[in-house]
Structures are given as C-alpha cells and as structure tokens.
Amino acid sequence: MASGEPLPDGVILWTRLAPEPLHPTRPGGMPNQAMAVQWQLAEDEAFARGVQSGTASAQPDWAHSVHVRVTGLRPGAEYFYRFSIDGHTSQVGRTKTAPDPASTAPVRFGVVSCQRYEHGFFTALRHLADERPDVILHLGDYIYEYGKPAHPKAGRYVRPLESEAECRTLGDYRNRYARYRMDADLQAAHAAAPWIAMPDDHEVRDNYSGALPGDGTSPAAFLKRRAAAFKAYYEHLPLRVRPSGSSLQNHRWRPYGRVVDFVLVDARQHREGRDMLGPEQEQWLAARLKGATARWKVLAQAVFFAPRKFPLEPPSTDAWDGFPESRARVLAEAPDGLVVLSGDVHNGWACDLRADWADPASKALGVEFVGTSVTSMPAMTDASAILPLNPHIAFFDNRRGYLSCTASMEDFQTDYRVVDFVDRPGAPVSTAAGFRVKGNKLQRTDL
Ligand SMILES: [Fe+2]
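The working numbering puts the first residue of the sequence shown at 2, with every later residue one more than the last.
Laid out in structure tokens, this is it:
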C-alpha cells in the first residue's frame, strides 16, 4: 500500500489487489469483477484510536487498484492506515497531512529518482524510509520500460525482470510496476511517508518528447502507447488525478505552510519544438511562482535545469539546455527563495542559478539540487574536466542515493545521502556533502 498527494486536510490512500502480481494474462491474477476493499485510518500504529474507515471498490478496468480520497483530517498530523479484504490485512502504512497554511514548522522531505530494477537493490529507498520524512518527492523514472539488453555488457544486470521484452502494452507496463512493487525496500519507502510523484521519460519510453517517441513510430501510434503507460502509472501510484486518454495532468502545487510551496511541472509530456513546458503549463508556472508566498519556492521537475558545458560533446538536448528560451523565461520570473530540484542524470550535482552563469558576482537567482539515482547506472562523467567549464556548478558526486532536505523559515538544508554499492543488498548510507541556501546562493555546510 501507499499514500500520497498530502493536503492540509487529506491524503490519497492507495492499494492494488494482485494475489499473483506477474500473472501473464489476468492482471494481478484477479477475476474480471469489482471487489470491495475495506480501509482504516487511525492516529496510532495499533489502530486503537481509529479516525475514519470505509469501503472502496477495486475495479478490473483499473487493475483492481484503489485510490481513497480521505478528507477531514487535521493538518500536519501523522496517521496510520491499512486495507483488508476477505480476512487478509495489508501491512500498516504511515502517512502525514500537509501543515496548516499558517504553519512555520520545519518541513523534512526526501527526493529520489531513477530506480532501475535490474541495475541493483533499492537500498537508498530503505535508508530514506528510516528517516520517516514528512513527504517524499519522486522525480521520474519510477520504472524503466527496457527489456533485457541483448548484449550482456550493455548494462549491469543485477536482478531479473518479469519479462525480457520492452514494455509496450498496458499489460506489459502493469507487470513491470508489479515487478517493482514486489521490492521490499520500495514498499518500505511507500509505507514510511506520503509521496508526490512526477514521471519522466522511462515511465513511457526512453527520451520521448511530447508526442514524439524518438524511434520513428508515428505520433498517433506513440500516443496509444503513452495512454497505456500513463494508465499503468496511475494504477500504481497514489495520485489524485486520473489520466485522460494519452494525457495525464502532472503539474500541480502542494503548499506546506508558510515554509515551502512545492511547484511541480512536467518537463516531458508537453514539449513541442523549442518549448519545454507548452504554453498552458508555462503560464500556470509563471503565475504560481509569482503568487507563491512561502519562504521557499521549490520547483520540482525531472531534468537538469542549469546549463552544463562538456569538454567534448555539445550540451544535452534532453535537458533544459535543449530549451534555453524556456529556461530564460522561467528565470525571468524567479522569486526570492527559488530552489529547483531535479533528477535524470544518475549522479548528484549542486548549482547556483545566476543572471550570468560565468560571473559569481552577478545576481543570484536561486539554487538547483540535482539528486542522484536510486540504482540506475550513470553515463561516464569526467567531473574534473566538467566542473572548471561550469563555474556555477559547486558539487558533483557519482554514487547512488537520495537527497534529504529540511526547510525552515530561516534555512534550507540539503544533504546528499549516498550508498557505495547497489549490486548487493545492505550498503550503509553516508552524507557526501551538505548545502544550505543563503541569499539565494549555495553555502556548503559539511566542510
Ligand atoms: Fe533515469
């Protein structure tokens, strides 16, 4: 089970009925009929102080997933939940509502991305679960659609998938999520805190861009595949909004008191030409950034935001470097206290966002924290050659892990939490570096 999308008065509780999670023809091994699932929410882990309970219908059309929209809860409060059906009871999950709009209490959250199952063990998620944060942001590549690489050296293959074929159909995507959701560390991270998730490309297809798959198939055929992929994504995550055909509304705003406004944008689905966000979403973002009143405006999205120059290759066209006009328009609206969060590149980076990238004395517009992958292997990255070309980039680390952030009215602290290996379970976690934000600039805290 899982929870997500916290508001001051409610959360989404999620589960899916799947007694045979990898059944090849019947999703989850379930009969083709609706089933009634009981849910319970309590103030304590032993369910002595029950708060609400009810029955939800798990529909075969939605792979017997359940999304319970709970309302009427107290702000900033911890709750516990569980599901039951026919005498079977799920594990207990912990969740937490967002704080009251007037709250000045610190907000503790984790940031993760890029959990390629066959590349290793989700040890980083287990360590993040142990921190019991207020909320976990997932910034994309929750699954990878790839099949088994034809060449054994095409990537480390630590754990077998449910199928050696690339995901293309609804059934493929459903079973890929089911494979991932059988992982105990991923289960622990969902049971520890509510999630706010934003997909990137691999929930659908590698490097897709708007309606273009990048593999030569027609947009019409690709949008059918994207519809299947988004449907399976919804069926497996605690989201508030259902997909509509090949579209899924991912941009949203999640306020956390007077301390943090989380502003999430989809930097993949609405791309067109030189436009990263699409006109509608970009207008929404500009209004959101202008209207945000919390101390920290956290722009959470999937791909690298600041520029990156490389010694040999051109800048990446799959990141904001491929959409410089879009980036400039966002930065023209940069409010005081802007913090950009991103993933995608499978290693950790910290960047100053400036009016002039090369001039540390130019106006400070905010900072960017790029989280590393949970397991996905990075491309070869020669940081010693890249950092001198990019004076606005303060930090690089090539290990797997997650970001652990604490925002208060005075401070925004980010720790780069890393594990040294994922090819076997049990890696301990350590902090590679820490930063706080002062005057819209990075300040290292661990040296
Ligand atoms: Fe990735």
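For every residue, glycine included, the Cβ atom is placed at its ideal position computed from N, Cα and C.
Where residue i falls, given that 16 or more other Cβ within 10 Å makes a residue buried
| i | result |
| --- | --- |
| Asn251 | buried |
| His89 | exposed |
| Lys439 | exposed |
| Gln451 | Outside the shown range of the chain (2 to 448) lies residue 451, about which nothing can therefore be said. |
| Thr294 | exposed |
| Leu342 | buried |
| Met199 | buried |
| Lys364 | exposed |
| Gln188 | buried |
| Ala329 | exposed |
| Thr26 | exposed |
| Glu46 | exposed |
| Thr376 | buried |
| Arg418 | buried |
| Gly111 | buried |
| Asp135 | buried |
| Glu146 | buried |
| Gly73 | exposed |
| Asp201 | buried |
| Ala434 | buried |
Proximal residues to residue i (C-beta, below 7 Å), its chain only, five neighbours per side dropped
| i | result |
| --- | --- |
| Phe311 | Ile387 |
| Ala64 | Arg17, Pro28, Gly29, Arg175 and Glu236 |
| Val52 | Leu42, Ala43, Glu44 and Tyr80 |
| Pro220 | Ala212 and Leu213 |
| Asn348 | Thr373, Pro379, Thr382, Phe397, Asp398 and Asn399 |
| Leu162 | Tyr118, Glu119, Lys149 and Arg180 |
| Asn33 | Pro61 |
| Ala428 | Thr124, Val420, Asp421 and Phe422 |
Integer Cβ distance of residue i from residue j, believed to fall under 8 Å
| i | j | result |
| --- | --- | --- |
| Gln302 | Ala268 | 5 Å |
| Glu204 | Ala230 | 6 Å |
| Val299 | Val264 | 7 Å |
| Thr38 | Val67 | It should be noted that the sequence gives Val, not Thr, for residue 38. With a Cβ gap of about 5 Å, Val38 and Val67 count as contacting. |
| Ser114 | Gly344 | 3 Å |
| Gly5 | Pro239 | 3 Å |
Own chain residues within Cβ distance below 8 Å of residue i, not counting five before or after
| i | result |
| --- | --- |
| Asp424 | Gly121, Phe122, Arg157 and Val159 |
| Ala233 | Ala64, Leu171, Tyr174, Arg175, Arg177 and Tyr178 |
| Ser327 | Arg275, Asp276, Met277, Leu278, Glu283 and Trp321 |
| Trp358 | Ala307, Pro308, Asn391, Pro392 and His393 |
Any chain D beta carbon closer than 9 Å to residue i
| i | result |
| --- | --- |
| Val52 | The displayed structure is made up of one protein chain only, and chain D is not part of it. |
Contacts around residue i, its chain only, beta-carbon distance under 6 Å, and the 5 residues preceding and following it disregarded
| i | result |
| --- | --- |
| Gly211 | Arg272 and Glu273 |
| Ser247 | Leu224, Arg227 and Ala228 |
| Gly249 | Per the sequence presented here, residue 249 reads as Leu, with Gly not at that position. Closer than 6 Å at Cβ, skipping near neighbours: Phe231. |
| Thr105 | Arg259 and Met410 |
| Leu339 | Lys298 and Gly367 |
| Val108 | Asp135, Tyr257, Val260, Val261 and Ala408 |
| Asp186 | Phe123, Leu126 and Arg127 |
| Ala59 | Leu18, Met36, Val38, His65 and Val67 |
| Ala21 | The residue asked about is misnamed: residue 21 is Glu in this sequence, not Ala. Around Glu21: Gly30. |
What residues does ligand 1 have around it, judged by CB closer than 5 Å to any heavy atom, in chain order? Output, sorted by chain position: Cys115, Asp142 and Ser377.
At 3 residues or longer, what runs of the beta strand (DSSP E) sit wholly inside the region 313 to 389? With a minimum length of 3 residues, the continuous beta strand (DSSP E) runs that stay inside the region 313 to 389 are 339 to 343, 349 to 355 and 365 to 371.
Length-filtered (3 minimum) beta strand (DSSP E) runs lying within the region 86 to 117: Entirely contained in the region 86 to 117, the beta strand (DSSP E) runs reaching 3 residues are, in chain order, 94 to 97 and 108 to 113.
Complete beta strand (DSSP E) runs within the region 196 to 259 (minimum length 3 residues, chain order): 196 to 198 and 253 to 257
In chain order, which alpha helix (DSSP H) runs of at least 4 residues are fully inside the region 112 to 184? 124 to 132 and 171 to 182
Taking the runs of the beta strand (DSSP E) that are 3 residues or longer, which of them lie wholly in the region 26 to 80? 36 to 43, 51 to 59 and 66 to 71
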